[in-house]
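Numbering (UniProt numbering), first residue to last: 1 to 167.
For each residue, glycine too, the CB sits at the ideal point set by N, CA and C.
Just so we're clear, the structure is a prediction, and the values are computed from it rather than from any experiment.
Have a look at the structure below, then the notes.
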């Protein structure tokens with residue numbers, strides 16, 4: 001009888017551990033959704049109202065128009081740029097627009113990323129924002145916004161959260 005009870009308890013424990021599924025993927029999806037909303041500028045309330053209004057099917061008539069050739073002109077005026085009051089910690093100095101690839105509250109972490117970027121051939125620098133106590137790692141700095149946007153877009157393959165800083 002004791003053996004049967006121990007065997008039954010072992011089966012129950014095995015079922016309990018195999019029945020638990022990690023909800024890590026749910027957290028990851030929620031995090032990615034929040035990041036996407038942050039990049040697009042939506043708030044949570046706007047996102048909910050947008051999903052509520054988009055749930056209803058909308059049928060629009062199809063209109064055909066003649067194809068005309070247009071030239072693609074890069075318009076960098078609408079690119080988001082953060083303005084922060086920063087001071088140079090290490091590096092040669094910032095120009096008007098800079099590409100930030102990392103933000104750290106610990107200076108040693110910022111120095112580690114800066115060294116890694118410098119070893120990869122970037123002119124990385126560290127700046128400090130005393131208002132929010134953050135060290136920003138700048139991969140490149142430019143005088144023109146167009147050059148900074150192009151550099152940021154290239155760096156996003158390695159640093160997905162790269163953004164533009166203006167002084």
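* C-alpha distance - residue 130 paired with residue 29, whole-angstrom precision -> For this step, residue 130 is matched to residue 130 along the chain shown. For this step, residue 29 is matched to residue 29 along the chain shown. Distance between the alpha carbons of residue 130 and residue 29: 33 Å.
* Asked: Just how far apart, CA to CA, sit residue 145 and residue 100?
  -> Reading the chain shown from its first residue, position 145 is the one you call residue 145. Reading the chain shown from its first residue, position 100 is the one you call residue 100. The alpha-carbon atoms of residue 145 and residue 100 are separated by roughly 14 Å.
* State the DSSP-derived secondary structure class of residue 87, mapped to helix, strand or coil. => Sequence index remark: in the chain shown, residue 87 carries index 87 (1-based). Here residue 87 sits in strand by DSSP.
* Over what stretch of residues does the alpha helix (DSSP H) that includes residue 133 continue unbroken? -> The residue labelled residue 133 in the question sits at position 133 within the chain shown. First-last for residue 133: undefined, no H or E at that position.
* 8 Å Cβ cutoff met for residue 98 and residue 165 -> Numbered from its first residue, the chain shown carries residue 98 at position 98. Numbered from its first residue, the chain shown carries residue 165 at position 165. Yes, they are a contact pair.
* Asked: Between residue 156 and the rest of its own chain, which residues show a CB-CB distance below 8 Å, the 5 nearest in sequence each way excluded?
  -> If you number the chain shown from 1, residue 156 lands on position 156. So the qualifying residues of the chain are 162.
* Asked: Looking only at DSSP bridge pairs, what is residue 103 linked to?
  -> As a first step, residue 103 must be located in the chain shown, where it is residue number 103. Bridge partners of residue 103: 136.
* Asked: Does DSSP classify residue 157 as helix, strand or coil?
  -> Taking the chain shown and counting its residues from 1, one reaches residue 157 at position 157. Residue 157 falls in the coil class under three-state DSSP.
* Asked: Going by other Cβ atoms of all chains shown within 10 Å of its Cβ, with 16 needed for buried, is residue 125 buried or exposed?
  -> As a position in the chain shown, residue 125 is number 125, starting the count at 1. With 16 or more Cβ atoms within 10 Å of its Cβ, residue 125 is classed as buried.
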